[in-house]
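> This structure is in structure tokens; I'll ask about it shortly.
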Amino acid sequence: MAMRANAGPSYPRTLENAGALPIQVIRRVTHIDIANTAARGFGASTVWLNGRFSHPIEGIDVGQTLRLDLREFRDEFGESFRAGGFFATRNPEALVLCDLETDGRMYGLVVVGSLLD
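As numbered in this note's numbering, residues 556 to 672 make up the sequence shown, in order.
Written out as structure tokens, the structure is:
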């Protein structure tokens, strides 16, 4: 399969797993809200969904909540996350895993509501 121009990176399976962070990821149909309740902020990072789809972020400060469009997450082949929504022609993809890649490490985040809760 040929890579598309909007393809994202491959999931970095060899990065150090640095544990879980108290950052909640809340599914809101076609968006996710990422609420940082950790005691520290993070600079430029990549958010990973289901070990496949990625989206770069500029960073997230202590107490900040980011809203990201699920349709903007891409895999290494340029496929987008199936977010669902009113006009969707395919069933939405469940959100079961979310990671934050930053500073050469991978952190697990807390997923709250996996499909359309």
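Positions of the beta carbon are idealized from the N, C-alpha and C atoms, including for glycine.
If you count every other CB in all the chains shown that lies within 10 Å of the CB of Val651, and 16 or more means buried, which is it?
Val651 should be labelled exposed.
> Looking at the strands, I want to know which residues DSSP matches up with Asn561.
DSSP lists no partner for Asn561.
> Where Arg595 and Leu576 are concerned, what is the direct C-alpha to C-alpha distance, given to the nearest angstrom?
10 Å
> Within a Cβ cutoff of 6 Å, which residues of the same chain sit near Val665, ignoring the five residues on either side of it in sequence?
Gln579
> The beta strand (DSSP E) with Asp630 in it runs from where to where?
Where Asp630 is concerned, there is no enclosing beta strand (DSSP E), given that its DSSP letter is neither H nor E.
> Here's the rule I'm using: 16 or more other beta-carbon atoms within 10 Å means buried, otherwise exposed. How should Ala638 be labelled?
buried
> Look at the alpha carbon of Gln619 and the alpha carbon of Arg583, and state the distance between them as a whole number of angstroms.
17 Å
> Starting from Ile589, trace the beta strand (DSSP E) in both directions and tell me its first and last residue.
586 to 591
> For the beta strand (DSSP E) that Ala638 lies in, which residues bound it at each end?
First-last for Ala638: undefined, no H or E at that position.
> When you compare each of Leu570, Gly598, Ser635, Glu613 to Arg607 by their alpha carbons, which one comes out closest?
For Arg607, the nearest C-alpha among the options comes from Ser635.
> Tell me whether Ser609 counts as near the ligand FAD, meaning its Cβ is closer than 7 Å to at least one heavy atom of that ligand.
The model depicted lacks the ligand FAD and carries no ligand whatsoever.
> Does DSSP put Leu570 in a helix, in a strand, or in coil?
Residue state, collapsed to three classes: coil.
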